[in-house]
Structure formats: structure tokens, C-alpha cells
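Protein chains in written order, with numbering that gives the first Met the number 0: chain A, 0 to 495; chain B, 0 to 495. Virtual Cβ for every residue (Gly too), placed ideally from N, Cα, C.
Number of protein chains: 2
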Amino acid sequence: MTIDLNRIRFNSLHEKVMSADQAISFIQDGMVIGMSGFGGAGEAKTVPLALAEKAKLHPVKITFATGASLGNKIDQKLCESHVIARRLPYQADPTLRKAINAGEVMFTDQHLSETAEQMKHHVIAAPHIAVISAIAITEDGQIIPTGSVGNSAVFAELADQIIVEIDNTINPKLEGVHDIYVPVKRPNRGPIPLTRVGERIGTQGIAIDPEKIVAIVFNDIPDTASSMAEADEETLAIAKNLINFFENEVAIGRLPENLGPLQSGVGSIANAVFAGFEHSNFKDLEMYSEVLQDCTFDLIDCGKMKFASGCSMTLDTSAQRVMQNFDFYKDKIVLRPQDISNNPELIRRLGIIAINTAIEFDIYGNVNSTHVTGTKMMNGIGGSGDFTRNAHLAIFVTKSIAKNGAISSVVPMVSHVDHNEHDIDILVTEQGLADLRGLAPRERARKIIDHCAHPSYKAALNDYFDRACEKGGHTPHLLNEALSWHAKFEEQGSMQ
Amino acid sequence: MTIDLNRIRFNSLHEKVMSADQAISFIQDGMVIGMSGFGGAGEAKTVPLALAEKAKLHPVKITFATGASLGNKIDQKLCESHVIARRLPYQADPTLRKAINAGEVMFTDQHLSETAEQMKHHVIAAPHIAVISAIAITEDGQIIPTGSVGNSAVFAELADQIIVEIDNTINPKLEGVHDIYVPVKRPNRGPIPLTRVGERIGTQGIAIDPEKIVAIVFNDIPDTASSMAEADEETLAIAKNLINFFENEVAIGRLPENLGPLQSGVGSIANAVFAGFEHSNFKDLEMYSEVLQDCTFDLIDCGKMKFASGCSMTLDTSAQRVMQNFDFYKDKIVLRPQDISNNPELIRRLGIIAINTAIEFDIYGNVNSTHVTGTKMMNGIGGSGDFTRNAHLAIFVTKSIAKNGAISSVVPMVSHVDHNEHDIDILVTEQGLADLRGLAPRERARKIIDHCAHPSYKAALNDYFDRACEKGGHTPHLLNEALSWHAKFEEQGSMQ
Numbered sequence: 000m001t002i003d004l005n006r007i008r009f010n011s012l013h014e015k016v017m018s019a020d021q022a023i024s025f026i027q028d029g030m031v032i033g034m035s036g037f038g039g040a041g042e043a044k045t046v047p048l049a050l051a052e053k054a055k056l057h058p059v060k061i062t063f064a065t066g067a068s069l070g071n072k073i074d075q076k077l078c079e080s081h082v083i084a085r086r087l088p089y090q091a092d093p094t095l096r097k098a099i100n101a102g103e104v105m106f107t108d109q110h111l112s113e114t115a116e117q118m119k120h121h122v123i124a125a126p127h128i129a130v131i132s133a134i135a136i137t138e139d140g141q142i143i144p145t146g147s148v149g150n151s152a153v154f155a156e157l158a159d160q161i162i163v164e165i166d167n168t169i170n171p172k173l174e175g176v177h178d179i180y181v182p183v184k185r186p187n188r189g190p191i192p193l194t195r196v197g198e199r200i201g202t203q204g205i206a207i208d209p210e211k212i213v214a215i216v217f218n219d220i221p222d223t224a225s226s227m228a229e230a231d232e233e234t235l236a237i238a239k240n241l242i243n244f245f246e247n248e249v250a251i252g253r254l255p256e257n258l259g260p261l262q263s264g265v266g267s268i269a270n271a272v273f274a275g276f277e278h279s280n281f282k283d284l285e286m287y288s289e290v291l292q293d294c295t296f297d298l299i300d301c302g303k304m305k306f307a308s309g310c311s312m313t314l315d316t317s318a319q320r321v322m323q324n325f326d327f328y329k330d331k332i333v334l335r336p337q338d339i340s341n342n343p344e345l346i347r348r349l350g351i352i353a354i355n356t357a358i359e360f361d362i363y364g365n366v367n368s369t370h371v372t373g374t375k376m377m378n379g380i381g382g383s384g385d386f387t388r389n390a391h392l393a394i395f396v397t398k399s400i401a402k403n404g405a406i407s408s409v410v411p412m413v414s415h416v417d418h419n420e421h422d423i424d425i426l427v428t429e430q431g432l433a434d435l436r437g438l439a440p441r442e443r444a445r446k447i448i449d450h451c452a453h454p455s456y457k458a459a460l461n462d463y464f465d466r467a468c469e470k471g472g473h474t475p476h477l478l479n480e481a482l483s484w485h486a487k488f489e490e491q492g493s494m495q
Numbered sequence: 000m001t002i003d004l005n006r007i008r009f010n011s012l013h014e015k016v017m018s019a020d021q022a023i024s025f026i027q028d029g030m031v032i033g034m035s036g037f038g039g040a041g042e043a044k045t046v047p048l049a050l051a052e053k054a055k056l057h058p059v060k061i062t063f064a065t066g067a068s069l070g071n072k073i074d075q076k077l078c079e080s081h082v083i084a085r086r087l088p089y090q091a092d093p094t095l096r097k098a099i100n101a102g103e104v105m106f107t108d109q110h111l112s113e114t115a116e117q118m119k120h121h122v123i124a125a126p127h128i129a130v131i132s133a134i135a136i137t138e139d140g141q142i143i144p145t146g147s148v149g150n151s152a153v154f155a156e157l158a159d160q161i162i163v164e165i166d167n168t169i170n171p172k173l174e175g176v177h178d179i180y181v182p183v184k185r186p187n188r189g190p191i192p193l194t195r196v197g198e199r200i201g202t203q204g205i206a207i208d209p210e211k212i213v214a215i216v217f218n219d220i221p222d223t224a225s226s227m228a229e230a231d232e233e234t235l236a237i238a239k240n241l242i243n244f245f246e247n248e249v250a251i252g253r254l255p256e257n258l259g260p261l262q263s264g265v266g267s268i269a270n271a272v273f274a275g276f277e278h279s280n281f282k283d284l285e286m287y288s289e290v291l292q293d294c295t296f297d298l299i300d301c302g303k304m305k306f307a308s309g310c311s312m313t314l315d316t317s318a319q320r321v322m323q324n325f326d327f328y329k330d331k332i333v334l335r336p337q338d339i340s341n342n343p344e345l346i347r348r349l350g351i352i353a354i355n356t357a358i359e360f361d362i363y364g365n366v367n368s369t370h371v372t373g374t375k376m377m378n379g380i381g382g383s384g385d386f387t388r389n390a391h392l393a394i395f396v397t398k399s400i401a402k403n404g405a406i407s408s409v410v411p412m413v414s415h416v417d418h419n420e421h422d423i424d425i426l427v428t429e430q431g432l433a434d435l436r437g438l439a440p441r442e443r444a445r446k447i448i449d450h451c452a453h454p455s456y457k458a459a460l461n462d463y464f465d466r467a468c469e470k471g472g473h474t475p476h477l478l479n480e481a482l483s484w485h486a487k488f489e490e491q492g493s494m495q
């Protein structure tokens with residue numbers, strides 16, 4: 000491992016360089032640890048991995064907070080060593096997921112914009128120690144983040160002690176791409192002065208008291224490449240339905256020609272939608288989102304996207320191209336803290352079009368993003384609530400069926416509500432698009448069944464809705480049957 | 000009826016004075032009509048009442064948008080005359096409720112901050128005609144609202160034609176209490192420049208092109224006095240539990256001494272909580288809310304509250320006192336448009352403590368504010384979502400049982416989700432208070448059952464939770480039983 004002291008430009012900190020094994024001696028049982036990492040990019044690596052190793056012999060339990068999900072199987076390894084007592088605000092690891100669903104790890108599933116806010120204002124405990132991944136420490140002691148900003152700024156601000164992990168694998172040219180703005184504590188807070196997607200309102204690094212840095216470690220471990228399912232017939236149809244809708248909205252003057260700032264959840268459907276933009280007539284697209292994926296850079300390359308703001312870069316096939324030509328992208332992207340990328344004030348002001356993926360939605364427009372059959376946590380709500388709650392247009396996409404048709408993604412009643420009927424504007428499957436704007440529940444039901452449900456489930460949905468309507472109510476339901484589709488799936492392996 | 004032309008200080012408009020019967024000739028079948036009125040205060044009166052009368056002989060259907068609920072039985076009378084095809088964004092009328100639940104009127108139940116925003120940006124249709132209740136029209140043609148601002152400013156801005164209804168019953172001294180700030184249309188929108196509860200950022204009246212005013216009518220019909228159930232043993236216990244919590248939060252330094260700006264839903268529980276503040280040690284309280292009720296003015300009178308910002312004044316016993324001594328209150332209150340009083344940007348920035356009433360909540364912290372047994376609309380979500388979604392602390396209160404114990408307000412799974420587990424911090428009943436901050440679902444369940452459930456339902460809730468946990472999951476549920484309490488109530492009249 001290379002120890003490149005040129006990356007520590009605040010010279011008095013050179014003496015804080017040590018091994019990860021030495022650094023983890025600061026981490027004590029019962030502590031809250033706030034660590035870098037968002038969307039599998041920019042996480043601290045050697046420190047958590049050393050902690051997982053040490054805990055096999057010397058058990059330790061921590062509350063483990065990050066930006067969002069981590070690469071390098073860090074959640075898996077910490078979980079296997081029983082280090083994680085509580086996890087927040089998001090995760091996407093199969094081993095940890097299993098422990099959460101068994102009730103062994105307490106998972107505080109949070110809106111990603113809220114962790115920083117809640118820690119700052121004593122709603123939840125602030126970190127004792129922050130472990131911050133960095134490209135460098137500047138002459139004035141600022142910490143320059145790596146491939147994500149996440150919650151690193153607020154963790155560093157609030158923690159008593161900071162461990163910096165210099166990541167040798169990250170191109171130093173990333174310095175300058177971050178824009179660190181931390182809202183002051185209430186009650187003395189003013190407006191966040193951002194009015195355009197591309198504006199810079201903060202500093203290039205995280206400004207902290209360098210005295211708080213107790214250890215600096217180096218790592219040579221690259222970010223894990225994201226792996227994305229290839230687009231298939233259904234994801235392409237979803238993308239087509241959505242792009243047709245956008246084209247029509249522009250044609251009738253309800254959306255501006257560049258649509259306005261776009262947010263997109265992570266995944267193959269989002270990727271397909273963005274790929275669809277490549278061959279559309281839209282131009283000057285802008286993104287104000289969390290994760291900048293391959294598709295973001297593809298749109299920049301072909302001249303369709305003029306600026307993308309996020310809090311993380313999670314790259315797969317384009318990683319090498321982007322990093323090698325970073326000078327080209329540097330004035331076209333910015334990485335912000337997640338309480339700025341996902342901030343309700345900014346989402347409302349900018350008028351974001353939010354596109355996120357649902358596990359299932361119901362005939363009245365309620366959306367489940369987190370729980371399989373209402374009980375088993377998948378990953379967490381992530382930023383979908385931050386955006387949906389305050390978006391100009393809140394859109395959810397999903398395939399109309401799953402497991403070869405054993406599951407209908409359109410159900411009488413969702414088994415868990417993450418986004419409710421009040422917040423949803425548009426639902427899209429490969430079957431079509433339901434425009435729910437301004438509609439009452441009974442109107443929505445007919446549209447959703449007609450446009451989004453799979454043909455193999457339409458008759459059953461219409462039958463449920465018709466019989467519920469006979470009973471009456473603003474939102475007609477048959478309480479004894481509302482969740483029976485899920486129960487049937489649990490018992491018989493199919494909703495059919 | 001007095002026609003006082005001194006109230007129309009823009010003299011060229013004098014010729015637009017006419018009777019309500021004449022004015023309603025502008026209203027055509029199929030139109031969207033945007034009318035003043037919020038919380039039963041400040042509604043237009045003679046125009047809708049004349050419309051209800053005329054429609055008995057000459058049927059007409061409109062989309063009827065207001066600020067929120069109306070006094071003077073206007074919704075009832077328009078509904079009985081079958082005038083309302085679609086109603087938004089809120090209502091609280093028994094006759095209209097019945098028509099909504101029968102599927103005869105389409106009800107677009109909206110977050111109250113969103114109607115203005117959605118009309119402005121073509122998500123829903125903007126009004127053809129605005130009917131605006133006014134104290135006066137100023138020398139420069141501004142319309143001065145009456146006891147509420149609601150959506151009047153945006154309706155007037157967007158409508159092709161405006162009917163002004165001068166309300167003789169409103170004390171002209173109210174002129175100056177309103178602060179009309181209308182965010183500009185995106186994409187040219189900047190921050191809303193409000194950083195303190197008491198700040199004024201707009202104009203005293205609604206500035207429009209006076210050419211759009213096609214009719215001015217006068218009325219002598221007073222606002223309907225609000226009627227509030229007296230505090231009982233349970234509401235007083237809820238108030239005590241909440242105030243004990245606040246005292247403790249201040250003592251340990253998690254809340255400032257004046258708590259920070261308070262929002263409160265309308266109703267007897269909120270009134271009891273605010274009455275509780277009178278005998279507390281808190282001082283310099285501030286309110287940033289929708290409706291200013293009697294209790295607001297009581298707290299101002301006793302020197303506990305220094306400023307209250309709302310979008311409506313709904314007064315019962317204190318109406319006369321407040322109106323006769325309005326000079327005393329004028330620098331201590333302000334009335335704003337509802338997209339400012341309920342704005343997510345401001346709620347997040349100011350750090351609002353939001354206190355709203357639930358119909359029911361479940362063991363995991365999901366809240367139902369709108370639907371009785373999941374199907375029948377009560378009033379609508381109102382502002383509870385605007386505040387809860389972005390509050391510093393989101394608190395819901397309710398009595399632990401209803402209908403003499405036939406209904407438990409704490410259930411295994413709510414029958415409709417208006418506010419989900421991600422957004423709820425504190426739940427309170429007369430039994431106690433559950434502090435859910437930072438907890439995972441299984442931890443919340445035990446706290447909610449222990450602290451909030453009625454003793455007569457505790458065993459059954461624990462039994463459900465224990466058996467669900469045996470099945471596993473992050474949020475354990477038994478899908479065949481989750482809604483069985485509601486189904487049993489529907490079938491047998493009791494959850495017991």
C-alpha cells in the first residue's frame with residue numbers, strides 16, 4: 000500500500016498516519032460510527048474491514064450510519080462479525096438484509112435527506128467517530144471526499160473524532176467536483192442559496208477542525224463496479240411509455256422543452272429510460288438526483304444532458320472512460336451532501352421530475368418501495384420519499400408482473416405503504432401509463448387497472464374493484480380480501 | 000345589505016357592483032371555480048349560496064376548489080343542488096362527505112400546500128373564475144382578504160375572471176394583517192425569503208390586474224362560529240403527556256426553551272394541549288400553523304405566545320374579544336397564503352413541531368388521518384402531510400379508544416396510510432407517549448403497545464405482535480389478520 004504524504008497537504012497531520020488496525024482502536028463498543036459511502040461509491044474501506052476482522056476475536060457492537068449502501072461487501076463482513084447492532088439510513092446487502100428480517104439487526108430505515116438533519120438537531124444520536132473517505136486533505140485542513148459525499152460532511156462536523164481514509168484508487172482530478180454546503184443549525188438558518196441545478200454554493204472540501212483528526216489511513220481498494228441488469232423488452236417498453244408521455248406534455252405546453260430537472264432512482268429501468276432519452280428530441284436535459292449512473296455520462300457524451308448534480312457516482316461500464324477523461328466532465332457535474340441533493344426545499348423550488356421504482360402499487364395509487372409481502376425489508380426507502388414528497392411530478396415505474404406472473408405488481412391494496420395516494424402523479428409499467436393527476440380514488444382505480452395491470456390480472460382486479468364499489472366509500476375496499484393476494488402468494492407461491 | 004363604496008377604493012371598479020344573482024351569470028357549466036375560504040373562515044358567501052339556489056332550476060356542474068373547509072353550510076347547499084362535480088382540496092361537511100363516499104362527487108384530497116403549486120404548473124386545471132372574499136379593494140386595486148387567505152391569491156392570479164365579494168361583517172381593521180407572497184413560477188424561482196415566524200415578506204393585499212374583476216358583490220353574512228368540544232379527561236391527559244415530554248426535552252437540551260415554532264391541527268385535543276401551555280413554564284412560544292384558533296389568542300393574552308403565523312382565523316368564544324381589540328393583536332399575528340403557511344421549504348427551515356390528530360395508528364407507527372375503516376372519507380388529509388413530512392418533530396395524538404371501547408385507535412395495521420412509519424416521531428394517547436425516534440419497527444411496536452394502547456386491547460395487540468414476530472420480517476405481520484380488527488368492527492360493531 001502506498002503512503003503518499005503529498006495527499007496530506009496540511010503537514011502537521013502527517014504524524015497521524017497509521018495502520019487501519021491501529022486506527023480502529025479508537026472505536027469502542029456501543030459507539031455511533033458515521034462512515035462515508037453512498038450507492039456503493041466512496042465508502043471507507045480498510046477501517047471497516049479491519050474492524051470486521053478484529054471483531055471476530057474481540058466482539059464489539061456499534062450503531063453504524065453511512066450515506067447509503069456500501070461496496071466491497073462491508074455490510075456483509077461487519078454483519079458476519081456481529082458488529083452492527085443498529086444500521087441506518089439504508090442498506091442493500093443480502094447478508095445484512097437477512098439479519099434485519101430476522102430481527103437480529105435493528106434497521107432505522109430513513110429518508111436519506113433526514114439523517115444529517117436529525118443528528119444535528121438531537122432527534123437521533125450523532126456519531127462519536129466519523130470515518131471519512133478522502134482523496135486528499137488540503138493545505139487548510141479540508142477533507143476532499145471521493146466518489147460520493149453522502150453524509151460525510153455532517154458526520155465530520157458532529158463527531159468528536161475523525162478517522163480519514165485516503166483512497167489511493169480515486170483519481171486526484173476529482174478534487175473540485177464536490178460542493179460542500181452544510182445548512183447551519185436552526186434557529187439561525189436562512190434559505191439554501193441554490194436556484195439552478197449547476198450552481199455551486201459551498202466549498203470544495205469538508206472544513207473541520209483538523210485537531211479532531213485522530214488517525215489517517217491509506218487504502219488501495221477500488222470502489223466496487225456497479226452491475227446493472229441489461230435492458231429487456233419490458234424495461235424498454237416502460238421507457239418508451241414514459242418518453243411518449245414526456246413528449247406529449249411538452250407538445251401541449253405543460254412541461255418545458257428540457258422537461259426540468261430529472262431525478263432517477265438506481266436500476267435497470269432508470270437506465271433504460273435514460274437510454275431512451277438518447278434517441279429522443281429532448282435536449283439540454285438536467286439532472287438533480289442522488290446517484291449519477293453510467294446513463295448520466297452517456298447522455299452527457301451525446302450532448303443531450305448539459306448538467307448533472309448528484310451526491311454519488313456509481314459507475315459500471317463507463318468507470319474507466321469517465322475517470323480517464325475527467326477534465327471533460329468536471330464542469331458538467333457536481334457532487335453534493337445528500338441533505339442538499341435530496342433537500343425538500345430545493346426539490347420543490349427546482350420542480351424536480353422524480354422517477355423511482357416500485358415493488359408494487361395498488362389500484363388507488365399507493366406505492367410499496369421497501370417491503371416484500373409487507374414484512375420483509377428489501378433495501379430501504381432511500382431517497383424515493385425525499386423526492387416523491389416534494390416533486391413537481393412523482394412517477395413510479397415497475398414491471399406489471401414478477402416471478403413469471405406469480406406476482407402482480409398491481410394489487411388491490413399494497414402490503415406496505417411508503418408513498419401514499421396523495422403523492423403519486425404517474426404510474427408506468429410495460430403495459431402503459433396511468434396519469435393520476437387530480438383524480439379521485441375511484442377514477443384512479445379504473446385508469447391503473449386499464450393502463451398498468453398485466454392482462455392476466457386485469458379481470459381479478461376489476462372484479463375486486465367492482466365488488467368493493469358496491470360496498471361504497473371514497474376508497475372502496477373489501478377488508479377481508481384486500482391483502483389476500485399477498486397471503487395467497489405466501490401460502491401457495493402465486494397470486495393467481 | 001349595505002353597499003359601502005368606500006370599501007372599493009379603486010374607483011373605476013364601482014361600476015362592477017352588482018347582485019350575486021347577476022354575478023353568477025359568469026359561472027358556466029363545466030368551469031373550475033376557485034373560491035376563498037379556509038377552516039370555516041373567510042369564505043365567499045352570497046355567490047355560492049346564490050349559485051346553489053339557481054342550480055335547483057338551472058342545473059350546473061363545476062369543479063369546486065377552495066382553501067379548505069367552508070362555513071355557512073356552503074358545501075351542503077351546493078351538494079344538495081348537485082353543483083359539485085369535483086371538490087378539492089379539503090372538505091368537512093356531512094352532506095358532501097356522504098356524496099363523496101357514495102361516489103357521486105369526485106373528491107381530490109390534496110396536501111393543502113400543493114393546490115396552488117399544481118394549478119400554477121399545469122398539474123391540475125386552474126380556475127376559470129376566482130371568487131374572492133374581501134374587506135376592501137385598495138387604491139391600487141389590491142384585494143384585501145378577510146378571515147383567511149387560503150388559496151385566494153393564486154386563484155386570483157390564475158383565473159381569467161374575478162368576482163370579488165366584499166364582506167361587511169369583517170372588521171376593516173383586519174387590513175394589514177395579511178402578508179401575501181406568491182412564489183413565482185418555475186424555473187425562475189428563488190428562495191422564499193422567510194427566516195422568522197413573524198417576518199413579513201409580501202404585500203398587504205392580493206395584487207391583480209383590476210381589469211380581471213368582472214363583478215363585485217356585497218354580503219352581510221357573518222363567518223360561522225367554530226364549535227369545539229369541551230376538553231374531557233382524556234384530552235387533558237393527552238395534553239399533560241405531551242407537555243411533560245416537551246419539558247423533559249428542554250431540560251436535557253434537545254429542544255430550545257420556547258420549543259421552536261409550533262403547528263397544530265384543529266380540534267379539541269389541540270385546544271387542550273395549547274390550554275396546557277398556559278399553566279406551563281414555557282414562554283415566548285411561537286406558532287407557524289394553518290388555523291389560529293381560540294387557544295392561540297388565549298396564549299397571546301396571557302403573555303405565553305409572542306407571535307402566531309397562520310393562513311386562517313377560526314374563532315369560537317374569543318371571536319368578539321379578538322375582533323373588538325384587534326389593534327392589540329395586529330403586530331402579533333399574520334395571515335399568509337396556504338402554500339406559504341404549509342410550505343415544505345419553510346417547515347424544514349424553521350424546524351416546526353407538528354401536532355396533528357390521527358383517526359388511528361398501528362403498532363409500527365403508520366397513521367390514518369382520513370379514512371374510517373379504510374374506505375369512508377372523513378374530511379381529508381388537510382395540512383397534516385405538509386407539516387408531518389417536513390417537520391422537526393412529527394407528533395400525532397388521539398384517544399386510545401373510540402365508541403366506548405368498540406374501536407381501538409391502536410391497531411395491528413392501519414386501514415389507510417396517510418403518514419407512514421418513516422415520518423412519525425411521537426405518538427400520544429391519554430395512556431402515555433411513545434417516542435419512536437430512531438427506532439426500528441419491532442422496537443416501535445413494543446413502545447406503542449406499552450405506552451399508547453388502551454389496557455383493554457393490550458393483550459390482543461401483544462398477541463398479534465408476538466405471533467407475527469414468530470413469522471419474521473423487518474415489519475412482522477400476519478397478512479390474514481392484519482385488517483381483521485376493522486373487518487370485525489364492520490361486521491359486528493366492535494373490535495373486541
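With respect to chain B, the C-beta atom of residue 194(A) has a partner C-beta closer than 8 Å. Judged by DSSP secondary structure, residue 160(B) falls outside any alpha helix (DSSP H) and instead within the beta strand (DSSP E) spanning 160-166.
Residue 391(A) and residue 33(B) have their C-alpha atoms roughly 21 Å apart. In this structure the stretch 486-493 of chain B lies against the stretch 400-413 of chain B, because at least three pairs of beta carbons, one per stretch, are closer than 8 Å.
Around residue 200(B), the same chain offers 180, 192, 193 as residues with beta carbons nearer than 6 Å, after the five sequence neighbours per side are excluded. Under the 10 Å beta carbon count, residue 253(A) is surrounded by fewer than 16 other beta carbons and is classified as exposed. The C-beta of residue 372(A) comes closer than 8 Å to at least one C-beta of chain B. In the structure shown, the three-state DSSP call for residue 361(B) is strand.
The beta-carbon separation of residue 410(B) and residue 361(B), rounded to 5 Å, stays under the 8 Å limit for a contact. Chain B places no beta carbon closer than 8 Å to that of residue 491(A), leaving this residue out of the contacts.
Residues of the stretch 99-115 of chain B with a C-beta less than 8 Å from any C-beta of chain A: 99, 100, 101, 102, 105, 106, 107, 108, 109, 110, listed in chain order. In this chain, the alpha helix (DSSP H) harbouring residue 118(A) covers 113-119.
C-alpha of residue 333(B) to C-alpha of residue 315(A): approximately 54 Å in a straight line. In its chain, beyond the 5 residues on either side, no residue has a beta carbon closer than 8 Å to the beta carbon of residue 437(B). Annotation for residue 344(B): the continuous alpha helix (DSSP H) segment containing it runs 343-349. A Cβ of chain A is located within less than 8 Å of the beta carbon of residue 414(B). Cβ neighbours of residue 284(A) within its own chain (closer than 8 Å, five residues either side excluded): 257, 258, 261, 276, 298, 303, 304, 305. Close CB contacts of residue 79(A) within its chain, under the 8 Å cut and outside five residues either way in sequence, are with 51, 94 (chain order).
Taking the beta carbon of residue 468(B) as reference, the chain A residues within 9 Å of it are 102, listed in sequence order. The closest CA to that of residue 323(B), considering only 220(B), 128(B), 169(B), is found on 169(B). Only buried fits residue 441(B), as 16 or more other CB atoms lie within 10 angstroms of its CB.
Using a Cβ-Cβ cut-off of 8 Å, residue 388(A) counts as an interface residue toward chain B, since at least one Cβ of chain B sits closer than that to its own. Distance from the Cα of residue 444(A) is smallest, within the candidate group 59(A), 463(A), 428(A), for 463(A). At a beta-carbon threshold of 9 Å, the residues of chain A lying near residue 255(B) are 185, 186, ordered along the chain.
The beta carbon of residue 313(B) sits no closer than 8 Å to any beta carbon of chain A.
When the Cα atoms are used, residue 39(B) and residue 167(B) turn out to be separated by approximately 17 Å. In the DSSP assignment, the residues bridged to residue 311(A) are 147(A), 290(A). For the pair residue 389(B) and residue 343(A), the Cα-to-Cα distance works out to about 8 Å.
Pairing residue 20(B) with residue 53(B), the inter-Cα distance amounts to about 8 Å.
At a cut-off of 8 Å, the C-beta of residue 366(A) has no neighbouring C-beta in chain B.
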